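Some notes on the structure that comes next.
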Amino acid sequence: MKRFKCKFFSVILSVMILCVSVLPLYGCGEDEDDAIVLRVSNWEEYIDEGEWDEEEAIELDNGTVICPENSMIDDFEAWFEETYGKKVRVEYSTFGTNEELYNQMLMGDVYDLACPSEYMIQKMIAEDMLEPYTKDFYNASDDNNYYAKGVSPYIKNVFDNLSIDGKKLSDYAAGYMWGTLGIVYNPEVITEEEASHWNLLLDEKYSKRVTIKDSVRDAYFAGNSIFNEALITSSAFLNASDYKSKLDATINATDSDTVNSVEDILSRIKDNVYSFETDSGKADMVSGKVVANQQWSGDAVYTLDQAEEEGVELCYSAPKEATNLWFDGWCMLRAGIDGDAEKKLAAEAFVNFMSRPDNAIRNMWYIGYTSVIAGGDDSSMLDYINWTYSMDEETAEEEGVELMEYPIGYFFTGKFEDELDAETSVKYTIVADSAQMNRQLFAQYPTEEVMARSVVMEYFDKDENERINRMWLNVRCFDLYKFLGGK
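As structure tokens, then:
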């Protein structure tokens, strides 16, 4: 299979951080008074930087060749001027966590466009911080509206069905990347069955050999899944006509009894794991320091790729209790746009440019995460998935591997396998090495079974936030809050 590559170098990162702290990462050149200034804030290392070598070129069956020389930002600025006859200058900066982005804005930083995660998007909608997209943005008949034309019907349905205070999330956010939360594990040490349950984090057999995210929301998701394991895996629960809504409500529960129970579970996990970590888990898995790591699917792909280069085969699991369906989305900030029609045009154009299938592929290849773009009538994304993972019988025989059929039609059509006709099903079925059933292909495009047990975590309101933060402080700080007199 072709592999994703990460063009990450510490020296470059240091320069980038210095530039972000002093000047915008992009738009540091001469001032152009007639240019629209678009202030964009995105996750670190979350957009293609260009400068590909010729041997890195992606050549798709539909004739598309992807081998960019310039950064995505530079290419957008040139495309915008060519398309709209106006100059735009992007002032690009980055953030490390959703909370960092939110706090930056509270402290006075102003952005026109940002890319927070699902719960932060919901919080910003509730706090009236976001500017809705225009109706024109969703006009699929406009050739430049690549998002409306190409967003995955499955993802669109998720966005359409999420609402806060009567406001649809799809009116305020356009998806960028998406994925699941699961466990990266070493199959030489941990069995597939063991890795398919969140209580692996409590297994004393692997004491000090597993890691969990140093994130209250990701840790809470795992802890609550363990707390409710017997319930949500019971036949009565699984076969209930309202299974999905019941699962969503159970995993998102933040009542005092649930939070206290999860606190106890996470305290036990703290004693069992090697560490709570934010980014070191990837390297620790590759080096063998740990044998399992709670991980987001995009970082799981990166970890598996890096391990493969070292001759180590790792796997990815989305536990049977539930997995978190997460996504990052582009949002226009009301404080930044401030009624400026040109800024709004530039912001929506930026999202559309990121959503053009060849650009979505560029970003996917660069960061290892999965774009929400399916491509609509453009076959590039499907061709890219085949380019990355498909294998013919002759190659399989030469390499001594078994092939499997892996359907991903739900992502491209919004319909599940039993709803598709045979011809459509075949079109969206990847023939790949059967080992991909729990490796990169599985991490990037989960099975329908996994999607059925996926849960979007809701944002915490003020009271819930206080309860959850108190719990997290107790877990991470050895019950310091209780010691100081909290309850």
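Positions 658 to 1144 (this note's numbering) are the ones given, in order, by the sequence shown. Backbone N, C-alpha and C define an ideal beta-carbon position, used for all residues, glycine too. As the structure is a prediction and not an experimental result, all values here were calculated from the model.
Query: DSSP-derived helix/strand/coil call for residue 933; Result: strand
Query: Residues sharing a beta bridge with residue 1030, DSSP; Result: 808
Query: Extent of the continuous beta strand (DSSP E) run through residue 849; Result: Note, residue 849: premise wrong, no beta strand (DSSP E); alpha helix (DSSP H) at 849 to 852.
Query: Cutoff 6 Å; reference residue 880; Cβ partners in own chain excluding five residues on either side; Result: 919, 922 and 923
Query: Backbone CA spacing between residue 987 and residue 850 [nearest angstrom]; Result: 37 Å
Query: Alpha-carbon to alpha-carbon, residue 894 and residue 1110; Result: 12 Å
Query: Contact check, residue 698 vs residue 754, beta carbons under 9 Å; Result: no
Query: Own chain, CB closer than 7 Å to residue 942, minus 5 neighbours either side, in chain order; Result: 841, 950, 960, 964 and 971
Query: Segment limits, beta strand (DSSP E) that includes residue 1010; Result: It is not in any beta strand (DSSP E) - residue 1010 instead sits in the alpha helix (DSSP H) that spans 998 to 1012.
Query: In DSSP terms, what residue 716 is bridged to; Result: 722
Query: Classification of residue 763 by the beta-carbon crowding that lies within 10 angstroms, buried from 16 upward; Result: exposed
Query: Beta carbon of residue 1020 nearer than 9 Å to that of residue 838; Result: no
Query: Candidates 1091, 1040 and 724: closest to residue 1085 by CA position; Result: 1040
Query: Residue 950 (DSSP reduced to helix, strand or coil); Result: strand
Query: Residue 862 classed as buried or exposed, judged by whether at least 16 other C-beta atoms fall within 10 angstroms; Result: exposed
Query: Exposure label - residue 930; buried when at least 16 CB within 10 Å; Result: buried
Query: Contacting residues, own chain, Cβ-Cβ under 6 Å from residue 716 (five flanking each side not counted); Result: 722
Query: Which residues DSSP lists as bridging residue 1134, in chain order; Result: DSSP output for residue 1134 lists no bridge partner at all.
Query: Per DSSP, the bridge partner or partners of residue 824; Result: 821
Query: For residue 940, three-class secondary structure by DSSP; Result: helix
Query: Which of helix, strand or coil DSSP assigns to residue 985; Result: strand
Query: Closest by C-alpha distance to residue 1068, when choosing among 799, 1058, 1081 and 1057; Result: 1081
Query: Own chain partners of residue 737 with C-beta closer than 6 Å, once the 5 adjacent residues on each side are dropped; Result: 745 and 1006
Query: Candidates 1088, 900 and 827: closest to residue 1065 by CA position; Result: 1088
Query: Contact the stretch 1013 to 1031 vs the stretch 992 to 1001: 3+ CB pairs below 8 Å; Result: no
Query: Proximity winner among 925, 912 and 875, relative to residue 774 (alpha-carbon distances); Result: 875
Query: Beta-carbon spacing of residue 814, residue 1033 below 9 Å; Result: no
Query: For residue 1046 and residue 1094, the rounded distance between their alpha carbons; Result: 11 Å
Query: Proximity winner among 985, 1004, 983 and 979, relative to residue 991 (alpha-carbon distances); Result: 1004
Query: C-alpha distance - residue 946 paired with residue 866, whole-angstrom precision; Result: 7 Å
Query: One or two residues paired with residue 972 in a DSSP bridge; Result: 842
Query: Per DSSP, the bridge partner or partners of residue 1070; Result: Bridge partners of residue 1070: none, in fact.
Query: Contact under 9 Å by Cβ, residue 1027 with residue 835; Result: yes
Query: Length of the line joining the Cα atoms of residue 957 and residue 940; Result: 11 Å
Query: Local conformation of residue 700 per DSSP, three classes; Result: strand
Query: Sequence-distant residues of the same chain with beta carbon closer than 6 Å to residue 805, five excluded per side; Result: 795 and 797
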